[in-house]
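In our numbering, the protein residues as written are 3 to 510. Yeah, the Cβ is synthetic: ideal placement off N, Cα and C, and Gly gets one too. Here the structure is a predicted model, which means the values were calculated and not measured. To start, the structure itself, in structure tokens.
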């Protein structure tokens with residue numbers, strides 16, 4: 003359709019159309035849209051006619067109108083419709099952002115990004131920390147374990163142990179993060195038992211997430227009014243879970259809770275689309291599993307000290323230990339000038355709840371008085387048998403034995419000793435020479451000063467250490483016994499880790 007000259011009045015009836023794309027669009031029923039819309043892009047008057055339908059009917063006008071009048075009417079109507087379209091787009095974007103599957107996907111990828119990209123960007127010094135990503139679901143791992151006669155027949159065992167720790171030239175894993183929420187389902191517990199066995203022989207601590215269903219809840223917010231959260235474990239349906247907690251290899255498994263906010267709410271100012279996200283409840287926020295925060299703290303400790311010892315304890319003003327670096331948060335608004343920060347966790351636990359959860363064998367992230375968050379516990383899920391007559395010293399000894407900080411260091415020493423010992427077998431004449439050389443190597447990381455500073459303990463994480471070799475039936479193999487006493491103490495009690503592995507001559 004040819005354009006009207008600028009100085010000629012417009013006859014609205016000439017562009018009349020019974021089709022109103024506007025009405026169809028806002029109704030949500032697009033089945034009647036059958037026009038050729040090339041003209042929509044090429045001619046303004048046709049575009050207006052297609053969108054509004056009969057213009058004289060829409061604007062309740064008759065006859066000829068001036069161009070200025072039409073412009074004013076169209077500008078007002080278009081601005082109104084643009085606002086309505088923006089509202090529809092915002093609602094649709096929110097539906098996508100708050101869809102359960104998308105939320106989990108976004109939370110996981112943001113957690114991985116915080117572990118890898120952000121952590122290494124903020125590194126104060128270069129360190130030999132390698133993060134490897136294994137794209138396998140828990141369902142695939144479970145299938146692999148269930149098909150194996152024993153755990154050492156599984157592909158997971160080959161990946162963790164044979165390919166790295168048990169093979170010359172391999173790079174043993176120092177920590178394994180599995181993005182899966184453990185429930186009390188027997189299949190989950192059975193798989194977790196196999197994973198703990200593989201972790202024990204590979205000396206790899208494993209950290210997963212605790213599902214709210216493990217506590218008999220649909221979400222962690224449902225636990226807010228529970229005064230004795232661990233009482234749920236007394237139910238007989240938790241028999242398999244309790245049985246697993248008392249196994250020896252359960253100390254290689256840690257479960258983290260609750261979720262941590264992965265990003266702030268989208269507002270007009272923090273995204274290119276100008277989208278303002280509507281949050282109706284805590285479930286609408288993007289949450290990330292806490293395992294990534296634990297991984298970040300371990301990497302931070304390794305970057306600073308070369309060992310993952312500094313992952314527990316909170317020192318005011320010190321971004322180390324159990325402290326979690328600044329996380330995404332939002333604010334509560336009261337009036338025009340009062341803004342209070344929201345905690346970046348799904349739920350803040352009371353002191354009573356905190357003691358209850360940590361004593362039940364969970365790694366808990368909780369809020370601090372200044373609004374930050376930290377790990378108040380880094381213990382494993384293991385619950386050793388406790389006597390009613392147990393002394394405070396024995397209780398402290400039991401607690402440090404379950405702590406992941408000393409365990410991470412002890413496992414890393416076990417990795418190095420095996421690799422060093424593998425090179426020494428055949429190069430030295432007897433077991434005593436090998437033992438002496440390994441003891442000398444361990445002494446570099448041992449300090450007998452029990453009152454050394456926090457940094458000193460992180461750099462020299464061992465209070466005492468020892469290695470002994472025993473001959474085996476094979477002349478080129480030795481049973482290696484490793485004894486490590488971590489430097490960290492609780493109530494003047496220390497814990498000793500004993501590991502046993504086989505040293506064999508490196509194959510050529």
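1) Might you give, ordered along the chain, the residues of its own chain that have their beta carbon closer than 8 Å to the beta carbon of residue 449, omitting 5 neighbours on each side?
2) Check whether the segment 167–179 and the segment 406–418 touch, using three or more Cβ-Cβ pairs below 8 Å as the test.
3) Where does residue 48 sit, in a helix, a strand or coil, going by DSSP?
4) Sorted by chain position, which residues of the same chain lie with C-beta nearer than 8 Å to residue 437's C-beta, five sequence neighbours on each side aside?
5) Taking only the alpha-carbon atoms, compute the straight-line gap between residue 295 and residue 149 and give it to the nearest angstrom.
6) I need the boundaries of the beta strand (DSSP E) containing residue 315, first residue and last residue.
7) So what does residue 259 bridge to, in DSSP terms?
8) If you reduce the DSSP assignment to three classes, tell me which class residue 372 lands in.
9) Since residue 103 is in the alpha helix (DSSP H), which residue starts that stretch and which ends it?
10) Three-state secondary structure (DSSP) at residue 125?
11) In this structure, does DSSP put residue 211 in helix, strand or coil?
12) So what's residue 93 in DSSP terms, helix, strand or just coil?
13) Identify every residue that forms a DSSP beta bridge with residue 485.
14) According to DSSP, which residues form a beta bridge with residue 325?
15) Tell me where the beta strand (DSSP E) around residue 184 begins and ends.
16) Suppose contacts are defined by Cβ-Cβ distances below 7 Å. Is residue 293 in contact with residue 209 by that definition?
17) Report the rounded CA-to-CA distance for residue 384 versus residue 275, giving the unit in angstroms.
18) Specify whether the segment 344–353 and the segment 256–265 touch according to this definition: at least 3 beta carbon pairs, one from each stretch, less than 8 Å apart.
19) How many Å lie between residue 125 and residue 84 at the Cα?
20) Taking only the alpha-carbon atoms, compute the straight-line gap between residue 133 and residue 440 and give it to the nearest angstrom.
21) Pick from 242, 54, 117: whose alpha carbon is nearest that of residue 195?
22) Return the residue from the list 186, 114, 322, 332 that minimises the CA-CA distance to residue 512.
23) Mapping DSSP to helix, strand and coil, what is residue 505?
Checking against the coordinates, here is how it stands:
1) Beyond the five residues adjoining it in sequence on each side, residue 449 comes within less than 8 Å, by CB distance, of 458, 459, 462, 464, 465, 489 in the same chain, given in chain order.
2) By the Cβ criterion, the segment 167–179 is in contact with the segment 406–418, since at least three pairs of Cβ atoms, one from each stretch, lie closer than 8 Å.
3) Judged by DSSP in its simplified three-state form, residue 48 adopts helix.
4) Taken in chain order, the residues that qualify are 469, 470, 471.
5) Cα to Cα, residue 295 sits roughly 33 Å from residue 149.
6) Where residue 315 is concerned, there is no enclosing beta strand (DSSP E), given that its DSSP letter is neither H nor E.
7) Residue 259 is bridged to 366.
8) Three-state result, residue 372: coil.
9) Secondary structure note for residue 103: its alpha helix (DSSP H) is the uninterrupted segment 102–115.
10) A caution first: residue 125 carries a pLDDT of 49, below 50, which makes its placement in the model unreliable, though a value can still be read off. In the structure shown, the three-state DSSP call for residue 125 is coil.
11) Three-state DSSP puts residue 211 in a strand.
12) Of the three classes helix, strand and coil, the one that applies to residue 93 here is helix, per DSSP.
13) Residue pairing by DSSP places residue 485 opposite 468, 500 in a beta bridge.
14) Paired residue(s): 376.
15) Start and end: 178–184.
16) With respect to the 7 Å criterion, residue 293 and residue 209 are classified as neighbours on the basis of their beta carbons.
17) Inter-residue distance for residue 384 and residue 275 is about 48 Å (C-alpha atoms, whole angstroms).
18) Contact holds: three or more Cβ-Cβ distances are below 8 Å.
19) Its pLDDT being 49, under 50, residue 125 is placed unreliably by the model, and the measurement read from it follows with that caveat. Using only the alpha carbons, I get a separation of about 46 Å.
20) Cα-Cα distance, rounded: 28 Å.
21) That would be 242, whose Cα lies nearest to the Cα of residue 195.
22) With the chain running from 3 to 510 in the structure shown, residue 512 is simply not present.
23) The answer is strand: DSSP assigns residue 505 an E or B state.
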